[in-house]
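The sequence shown lines up with residues 621 to 946 when you count with our numbering. We treat Cβ as the ideally placed atom computed from N, Cα and C, and that holds for glycine. Following: one structure in structure tokens, then a few remarks.
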Amino acid sequence: MRRILFLIIVAACLMSSCDNGGTEEHLIIMSWNVQNLFDDVDNGTEYREFDPGLGDWNYDCFNRKASALADVITSSVAGGPDVVLLQEIENDNALRHLNENCLKASSYSYRLFFPTENSAVGTGVLSRFPVESANSHTVNCGGEVKGRNISMFQITLPETGELMVIYINHWKSKLGGAEETEIYRIAAAELLSDLIRQRLDQQSVGILAAGDFNESHDEFSRIGEAYPTAIIAGRLSGSEELELYNPWSDSECSGSYSYKSEWETIDQFFLSSEFFDGEGWDYSGFNTTVLEFNSSSEGFPLGWQASTGAGCSDHFPILLELSMSG
């Protein structure tokens, strides 16, 4: 099994060269499916359009894609987000290049990459705050491993020293049919609910689940309640007794992804009640990052075009703001 890669970047110049996005009162977390960031090394596991061995994908393409992503990240909020959660990263080499070459001035001193067995892409983390621990959990459905792992890490928040537990998700897509593949997303939702429940039974700690869930917060109503879904009215399957808040429930944003020119809210945050207790860091806002250069003339995400090098990602980043209470 491939290992989680956990690195602390110690170069002093990285620690002092930027104006951080968060302040003493505010903290910003981004989650973004970057639509396949592959490096320029032929590992034999790439998707065809990103395979350097075929001659169409090279360093210039890779760097152009990474630079476009970095432009969105740094433009999303003054100083950039404090924690960046990324989906569809090929490997740690791709994540390292994004961080050290394209985001050098952003001071992300902690970098993690979470691979998934038998998948060409995994998830990655860039953080300005110390990372305490990390692990991954396999989604098992009827004895079959399906979909990418749910990965967890802890960070220490500034000012208060509070621990925050973050679960990164990239659930099974609807490729093969929405109803036919729903069983795998339900399995992921139930695993995530169990992980959150077990953690809260151990200690009172702020928990955030984030990522690309491949179904909208109101999926059940969108399909006319035709069959059970992993997310119903903004709640995870199996989490009925958990108090988890989904910002899409109150958001005026149109969506983070579009399919056949219809908005979807498949990129999501779920927050535990500890972020609403009036102590330490509390929830204070949610938004999508929509910029002129990452959106089409119709206002939808401007997906990456490997053939031309245009665009960024077919998802908009989503942003979460926490503020100091009291």
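Where D832 is concerned, the enclosing beta strand (DSSP E) starts and stops at 826 to 832. Excluding sequence positions up to five before and after F840, its CB lies within less than 7 Å of the CB of T849, I852, A853, all in the same chain and listed in chain order.
Ranked by how close their Cα comes to the Cα of D902, the residues E782, Q818, E860 have E782 in first place. Bridge partners of Y667 according to DSSP: none are assigned. The C-alpha of S729 is placed about 38 Å away from the C-alpha of E802.
Under the three-state reduction of DSSP output, I816 falls in the helix class. Non-local C-beta neighbours of N663 in its own chain, meaning closer than 6 Å and more than five positions away in sequence, are absent. The continuous stretches of beta strand (DSSP E) do not include S793, and DSSP gives it neither H nor E.
A contact between stretches requires three or more CB pairs, one per stretch, nearer than 8 Å, and the region 929 to 941 meets this requirement with the region 682 to 689. In chain order, V654 place their CB closer than 6 Å to the CB of L689, counting only its own chain and leaving out the 5 sequence neighbours on each side. Selection I827, E882, W883 evaluated against Y865 yields I827 as nearest (Cα-Cα). Per the C-alpha coordinates, the member of F658, D838, S871, R748 positioned closest to R855 is D838.
Counting only the Cα atoms, L820 lies some 25 Å from F733.
Put simply, the region 931 to 940 touches the region 870 to 877. At least three CB pairs are less than 8 Å apart.
Looking at E845, G923, G900, G844, the one whose alpha-carbon comes closest to that of Y879 is G923. Rounded to the nearest whole angstrom, the CA to CA distance from D702 to S917 is 30 Å. Just measuring C-alpha positions, the residue of S793, Y787, Y804, G797 sitting nearest I816 is Y787.
Judged by DSSP in its simplified three-state form, V910 adopts coil rather than helix or strand. Contact between A808 and I770 is confirmed by a C-beta separation of about 7 Å, below the 8 Å threshold.
For N719, there is no enclosing beta strand (DSSP E), as DSSP gives it neither H nor E.
For P848, the secondary structure class from DSSP, reduced to helix, strand or coil, is coil. Ranking Y877, L891, G763, N711 by CA distance to the CA of Y804 puts G763 first.
DSSP places C932 in the coil class of the three-state scheme, outside both helix and strand. Beta-bridge annotation (DSSP): P921 is paired with S915. Taken through DSSP and simplified to helix, strand or coil, Q823 comes out as coil. With a beta-carbon spacing of about 6 Å, G900 and S945 fall inside the 8 Å limit used to define contacts. The DSSP assignment places complete alpha helix (DSSP H) segments of no fewer than 4 residues inside the region 687 to 762 at 712 to 717, in order along the chain. For F889, the enclosing beta strand (DSSP E) has its first and last residue at 887 to 892.
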